[in-house]
Each structure stands twice: as structure tokens, then as C-alpha cells.
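Chains as they are written, first to last, in the numbering used here: chain A, 5 to 713; chain B, -15 to 387.
Just so you know, even glycine gets a beta-carbon here, dropped at the ideal spot from N, CA and C.
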């Protein structure tokens, strides 16, 4: 069968009227008018209507056409004709013409579909046909090959391709080489769990899949490539989150003999080009904020600058206040900050401010409370305003630029972090609730100068990673205070409150690198074990260098405005890191495990090198507060072995059950409101019958052993 | 003999009514002023403060509570249970037996009488000290279907203090209703016979011919894997038991250990001493799924949904789904470990997992000296229809017995 003469469905228009054409594709929709059969024929370029009428075609063509069903793959020949006036379809780009068929081959037939694929109505005036967006996502992922036939899904992956192509052309023009780095490697210090791959040749040893090519790209700078990039898959075994994938795609980039300005300039050119693929314009230059400024004014290192309501500091206004709570906080070195919700006092009633925000919402954000004030008649109005002097009220109004109709929301705490973090969450909550975030607006910002270190459970840890260049090189690694004051030459690219990527200028000096390790409290042996190969590289004339990585799935999802990143990935895992299409992850044959030197007894069998787990029976005895006597231990342990086997057993059914909701009762239990009940002491408590069965009672209480140890 | 059947009987003056229906209960069913230790040290010396809702309904309908039988610990399994004996020894007209996994039907099967488990949500469980809230029901055993129908008529009243009840119209257990003039349609799982051993298969064939002779239409239906019913029941019941046994803390009632230094020790020892080994192993299994393998519990609940869907679909055009009540080697009263219990109750537990009503009918599935029993599951809330079918088959057995 020859397809040389094939033309694409979407390319046909009125210029082709009278032409005889060969088309091939899938049956998108059918409409049978008894003697005439219409179909929508779809290929990746679009849809065209094909008409089978007894007069136009030999009778066996017409008979074959009667057997057509949705999604049969077919080849059609026919003549392009103009549609009758009034039968044009405005939903189709090819809606002014149709193809009168004179030949038809069914190349391959399709089984009945699990969900509709067609997105275009055959009739004018009926709107778009029901798209499959409402279909259960698990089902879509299970039949991803059909889901991806939908024009809207093809469009998303096509745009993804366009964005990637745009990046490659751009970086080619700017002198970058694409170099591949290994997938089977050693664990790198990115902080998440590694996906491990057991080695058959070294039983008991493992490769790790890369969390990022960090060390390799730095070694490529050592190797003198000067400008490197890679669109690379990375793997992180993190806790499940709805919008997270175990594997994801990064634009990874590194350059030598550069500083921050090079990266800023490069990305302020590249990012607008990427967003232009989605028809979005992003203005340049991107504003910059230091991490400290971002925290001070928005309470987050991912500031959303689509709306105002940035923080106002009012600590200094209350150094001598008579309001005891503020006074105490100021005296103890705390701070007082607030936001002005301009002109929204009609939307924020006293009840909402006091009972919702002050009592419930703000405490959930980690602050102890919130002070609010509404502005009416050029005065502050609140449940605590009487504690402030007239002068203080006046200064507050000026500091917050407060006018009638404004609402001030203020958080005070002895911890600067608590104030910033809680007020930052409050700012987003209020903006969301009052619809203050404009749509279709894209506000990038560079957040720079992150702290170099933070304090963890065991001393200092790196905020970014230990290869980040500090802003100052003269410091004493033994002095924690001095180290904590250091900032780093790092930068994050943030858009609309989401982090698109980040990077830093790296350390290229072995002595400085050793100082950082010393501050982190790493021993010589640990350093050698983890990074020996890398440090060796650093000792052979490393150029100054730096780079950045962007999370491409997230970037593309933002450009295309999709609800989740799964919409822009061809074959994603679901929210539970499971692939409904292939059933991965899945068990493997015992023989495979044996070859790899891994146990075959399932997860409870200890693996080589694994630390012994806490005794299961002891753990459960404690959590369920049931002591097990000597002579019961064997039976309890045997029952637990059985339970472990059952857990494995039920998990073998996982694939059949995926996508189902757990059922906890035969039918949903109902809350029943009983008539005429009011708060009262129960009769059994009143007549003390409740105490009759109690082992120990004292007065009106059940008596128990001491609660405090 | 009486003393070994009943753990407690009221003084004679307590039942003045002549010819009243005599009902034996278990000591986890609250009768005001009566001891109610649920067969467990966890409720040692407990005296019921109120009548259970169902008990109150029985009393109101002039039934007589004949006494409290002996029961297994918290009613799980049938070790030491004397409920059915109260009926066979004519100490009561009916005995109530808590049903988590098939206890009432299996006890009836061992004793050669009728056993019935109503739909979940049909009888209020207020005042029933249970262990598996999403499956447990009161079960009824009696020599004839008519006593079961009488009790159902008395107790099926809406109780707004049991979350599982729905304000539905009260069912009518009209004693005269029967299938006499129709042909009941009974479903049997495809490949059911292949799962039986030779003696079970012979008993089953006897039952099938009896059902056909009686005019039943036997229809093969597709039913899910029986192993999955058992697995899902086991995981879910263990978790619910572990959770609902949390209330036995020795503070408000029940056994309390001797003086302890602090309250953690008090809990550990009190609860360690309160539960027997069988229940303890079950509670540990539940704790394992709850605290270490919650995903397995959720999977079991997903499996439960799927099994319910498939069973309901199969039941759509049927009057019931039938099988044997007991296997050849299942001896429920002798089951001493959790594993043995699940082995012994394998044929009855699907009704608990799905909440469907189920009845054990004696006399139809005999082979040799053993009556394996015919077990029929009906549609949810169609308890009257299922009992009408049981009544219809009762007439068949009595005819068969006469012949």
C-alpha cells in the first residue's frame, strides 16, 4: 500500500476544491444518515469530514464504510468538494470543505473505547463534543495511548516539543554543548532518597540513579568545556505529593568564566522565548530580591509578585507601648509586621477577622495570634485598639498608609521567622480568598543571596549544597555564629510564587572547599568516601564557574496552564508513584533477585548491609499498650508473620484495585440528628451508675495511676 | 445440664408470662442488672446498666430473656459457646449469637438447627459489646424459621443511636409468606464444585438435587475469588478489633492490674492481662496493619468494595446465592487460633464482609453422618424475602425427613 501521495487532513482548505486526495488516519466520529455516512477523519494535523454516498463510490466502498467504528485506522481516497451552504462546521479549520470518498481501506480496526476520544462536534451549533477531561485520570493513564490520541493532549506534547526545541536552538546559538552524563552512578548529595539499582557483578553493591548531574557538570567545567547543557532526567525517591513525579526532566546548565550576571542575562532572554510558545509575554529585566528582602516583605523565598500587600514593619512604633503583649515581644527582641488589605473592609467582617483568621487560620500558620484593625472615619476600629495611645494609632495609620475601607492584619512574635512565615501564608490566604491575584499575569523574580548554612539537628547544614560559593571567603569555620551570618552566591528563578529553578556560582578552590566541609563538621574519611573523586578534580586547575537547573515539567505546565504536571508528560506515574499503564513498580522473579544477591523472602527478610529493624512485636506491644507474657510470645510472633504475609498478599491485588476508593462500611454511615436533645448530664452520670463498674473511683472521678512519671 | 449452658439465669419470678417466646442471649448483650462480661477478663465483673435496644424491644413484645449462655472471648469464634445448645436442649426457643464471621450460622450448623444473620444495619447494635463494627450483627438460631421471623418482627425497629441504621420503612416478616407458588432462582458460583473435596462435593450434590426437586432453578453465576473474601475480612476485622478494643483500658470498667507506678505501665499490664491469647494475636495483627502497613488495610477496603460490587451484580436476578455452610474439616467450636477460625468460617464470612443477610438451612446437604448445611445469602435489606425462602425450603426438608 502506497502512502507517497498522502496529504494531511488539517492541511485541506477551499484551495483544494476539485483535487483528488489520499488521506489516512483515525475515525474521530461518525454520523449515519441512512443513505449517506459522514465521518470525521483525524490525523495529527487536524480533522476533515469525509462523505460516503452511494452515488460517489463503488458499492463495496459504501459497504465497507458501514462497518466503520470510532478509532478504526483507515485510508481514504476522494475528491475535495465545497460544503453545501449552511452545512459548514465552524468547529473545524477544514469546516468549509469535505471529501467525497471513492475508495476506503480499513487498515486496522479498534475495540470499543474505554472513554471518548473525539473532541470535535460534527454538527454546527452544538458546541464542542464532550472531551475526556472529565474521565477518571487512572483510566486515562491506563489507556494512555488512547488518551494521547486526543487533539488537546497532542497539542500539549507538541508544545512541550516546541519549548524544548526553542531551548536547544537558543543554547546552540549561545555556544553551549549538549553533553550526556551517566544514569548509573554514585549517590550525590542532593538530600532526597536515591533510587538504587543493584549490581549483578558486585553483589550487595548498588548504583544510584542521579538526583541531578551536579558533580558531573562541574567536572565538565574542570574538563574545559566552558559551556554545557543537558535536558536530563533526574530521579528522587521522595514522599508522595500530588504534583510530584519520581522522575522528572531538568534543563541543566553550567558555564565557566562567568558570574551571576551572565546567568541572569541568559535566562532573561531564554525564559521569554519559552513562554512565548504558550502565547505569554514576560517582561524583562526580571526584578531581583535578596533572600532577606523576600522574607522581610513577603515571608517566603518564593514571592508571588502578582499582587501587593507586602509586609510593613511596625516594631519600632511600639518600643514604649502600653499594650503589654506588644511590649513584651519588643522587649524580648521580637518583631511586629503587618499587611494592609486595601479597601476590603466590606469583605472582612469583625466576625471573619476575629473568629476565623485570629482564632483558627493564623494559629494554623504557626503564629500565636493576629491583631486586626479596620479603618473607618479615618480611625482604627478593633477589639484591642483601646490599648494603643492616640499617637501610636496615628503612626500606625501613617506607616501602613491606611485609608477608610482598609484592613490591617498584624502579627507579632518574638521569632522573626515565625512572623515572616505566618504573615506570608496569611498574605496568600487573604489574596486567594478575596480574588486579589490577577489571572494571566506572569511575574518573574530572581531571589538571591540565600544563607549559606542553616542549623540542623547535628550542627550546620548547607542550604543549597556544599559546593556553593560563599559571598565572603574569610571566615572561621569553627565559629558557628560567623558561619550562619554568611550568604551564598546563589539564585532561584521564581515565577508567580513557584520556584522554576535555581543555581549558584560554585567553589573552584580546594582550600575554600575544605573550609566549608570543616564548617559542616564532615570528617576527612566522610569527605573522601562521598566526594573523593570530585575533590581530586577540583585540585587540577578548576575555572570559576556556575550554573542553574530548571524543572522543565513544572515550567511547561505553567506555560500551558495545565492543572497538573502529569498533563505535560507522555507517560507519567500517578499520584502514588505507580504507573497504571505498565503496572510498574512490580515484583520480579526470585531467580532475578537471587542473581543480584538479594533476598527472595520479601521485605521482612534483612538485606545485605541493612541495619536490623526494631523488634516488631515490641513496637506493637507498646503502641497498642498490650503486654505479651513469655508464654504468649511464640504465638504472637507467628500471628505477626502471618500478618506480614497477608500484607504482601493483598498488595499483589494492587493492580486490580488501583483507582478504587476504599470502602469502610456496607453503605455510607449517616450522621443522625436527634430531635429535642440539649446539653445535659447523662442520667447514668447523674445517678452515679457509671461508677458502679469502675475498678477505682475517687469522688466524681475515675482513679488511675500517676500520669506524670 | 442447665448450669453448663447458662452462665446466668434470672430468678424465676422474672418471667411470669405463660407461653412467651424464650430467648437466650450472650453475655455481651446488655440486659439491665445482669452480668455482662462478654466472655472476657476485659469486662470482668461488669454489670449492664441498661437494656440493649434489641433486648428492650424483645421485652416490650413480651418475649422472655431466658438466660445468658457462655461465649468465646468477645464473641469471636465459637470456643466455649453454648448458645445453640440452649435451643437443642429446649432451654430456649431461640438463641442470639453475635455474628462477625459466621458464628450464628456455624453454631446452628453444628447443632442441626436454623441460623440467620440479618443485613448489616437492620438491627440496632446499641448495647451489643462488639469487636468489628463494620461487619457485626446479632445472629439468631432457632429450631424453626418461624421463631426467627417472630424475633425479627419484634426487633427490627429504627434506632437513631446506631450510626449504621437508616430510617427505612419497617420490614414485614409475615409468617405466612412463602415461595410456594413460585420457582426460587438460586445462584451457585461457577466452578464451586471444583473447590470442594470429594465428601463435600457429594453433600453438595445431595443439596442440589433437593433444591431442584423442590422446584428451585439453579443458575451458575460468576463470583469473585473466595480467597480474597477471607483475606479482606481478616485484615479489616483485625484492624477494627484492635481499634474497638481500645476502650478496654481498665479505667471505667473491667479488669485492672495491681497498683502500678505510672499509667503507661497500668495500661500495658491491664490490657496484657485482660485479653486471652487468641484475641491478643488478633489485636496484634490489627495493630500491625494499623501502624505498620496501613496501605494493606486500605487495599483490603478497596478489595471489599470490589467484592461487594461483584456479589451485588451476581445477585441482581437471583433470590439467593447458595453454598455449603461448613467444610468437611471445619469444626468452628474447636478453632483455637485465628488461622483456624478463618479456615473454619470460610464459607460464611462473605456475608459479613458484604453486609448481606444469610441463612443456614439444616438437613439438605447431608453426607454420611454429617450435615454440611446449605448457606444462602440474600439481597441487602431483603431479609423478609430470604426468610420466606428459608421457610419454603424448611417445608421441603420436613417432607424429605418424613419420606
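- The criterion of a C-beta distance shorter than 9 Å is not satisfied by residue 45 of chain B and residue 171 of chain B.
- A distance of 9 Å or more separates the beta carbons of residue 425 of chain A and residue 454 of chain A.
- In the DSSP assignment, residue 200 of chain A falls within the unbroken beta strand (DSSP E) covering 200 to 202.
- Distance check between residue 441 of chain A and each of A:449, A:432 and A:89 places A:432 closest, using alpha-carbon atoms only.
- Between residue 242 of chain B and residue 704 of chain A, the alpha-carbon positions lie close to 22 Å from each other.
- The Cβ atoms of residue 93 of chain A and residue 125 of chain A lie closer than 9 Å to each other.
- Counting the other CB atoms within 10 Å of its CB gives residue 359 of chain A a total below 16, which places it among the exposed residues.
- Listed as beta-bridge partners of residue 157 of chain B by DSSP are no residues whatsoever.
- In the DSSP assignment, residue 65 of chain A falls within the alpha helix (DSSP H) that extends over 63 to 70.
- Minimum Cα-Cα distance from residue 42 of chain A among the listed residues A:32, A:49 and A:702 corresponds to A:32.
- Around residue 511 of chain A, the same chain offers 471, 473 and 517 as residues with beta carbons nearer than 6 Å, after the five sequence neighbours per side are excluded.
- The way I'd put it, the segment 367 to 376 of chain B doesn't touch the segment 323 to 336 of chain B; fewer than three beta-carbon pairs between them come closer than 8 Å.
- The segment 47 to 134 of chain B is shown to contain whole alpha helix (DSSP H) runs of 4 or more residues at 67 to 72 and 87 to 95, in chain order.
- Residue 344 of chain A has A:412 as its beta-bridge partners, per DSSP.
- Burial is judged here by how many other beta carbons sit within 10 angstroms of a residue's own beta carbon; residue 140 of chain A has fewer than 16 and is exposed.
- Between the C-alpha atoms of residue 224 of chain B and residue 281 of chain B there is a straight-line separation of about 10 Å.
- Within its own chain, the residues whose Cβ lies closer than 7 Å to the Cβ of residue 476 of chain A, once the five positions on either side in sequence are excluded, are 490, listed in chain order.
- Of the candidates B:23, B:111 and B:359, the residue whose Cα lies closest to the Cα of residue 308 of chain B is B:359.
- Within the same chain, Cβ atoms closer than 7 Å to the Cβ of residue 323 of chain A are found at 334, the five residues on either side in sequence being excluded.
- Contacts with chain B at 9 Å (Cβ-Cβ) include residue 699 of chain A.
- Here residue 178 of chain B is exposed: its Cβ has fewer than 16 other Cβ atoms, across all protein chains shown, within 10 Å.
- The three-state secondary structure of residue 91 of chain A, taken from DSSP, is coil.
- Pairwise C-beta distances place the segment 204 to 213 of chain A out of contact with the segment 224 to 236 of chain A, as fewer than three of them are shorter than 8 Å.
- For residue 102 of chain A, the uninterrupted beta strand (DSSP E) segment begins and ends at 101 to 112.
- Under DSSP, residue 497 of chain A forms a beta bridge with A:450 and A:505.
- Residues of the same chain with a CB within less than 6 Å of the CB of residue 556 of chain A, apart from the 5 flanking positions on each side, are 253 and 255 in chain order.
- Look at residue 261 of chain B: its C-beta is under 9 Å from a C-beta on chain A.
- Rounded to the nearest angstrom, the gap between the Cα atoms of residue 265 of chain A and residue 402 of chain A is 38 Å.
- DSSP places residue -9 of chain B outside any alpha helix (DSSP H); the residue lies instead in the beta strand (DSSP E), whose first and last residues are -10 to -8.
- Taking each of B:-6, B:167, B:73 and B:273 in turn and checking the Cα distance to residue 627 of chain A, the smallest one comes out for B:273.
- Straight across, the Cα-Cα distance linking residue 670 of chain A with residue 11 of chain B is about 26 Å.
- At a beta-carbon threshold of 8 Å, the residues of chain A lying near residue 282 of chain B are 666, ordered along the chain.
- Against residue 179 of chain B, chain A offers no close residue; the least beta-carbon distance is about 18 Å (beta-carbon pairs closer than 7 Å).
- For residue 391 of chain A, the closest C-alpha among the options A:530, A:16 and A:328 is that of A:328.
- The three-state secondary structure of residue 326 of chain A, taken from DSSP, is coil.
- Per DSSP, reduced to three states, the secondary structure at residue 249 of chain A is coil, with no helix or strand assignment.
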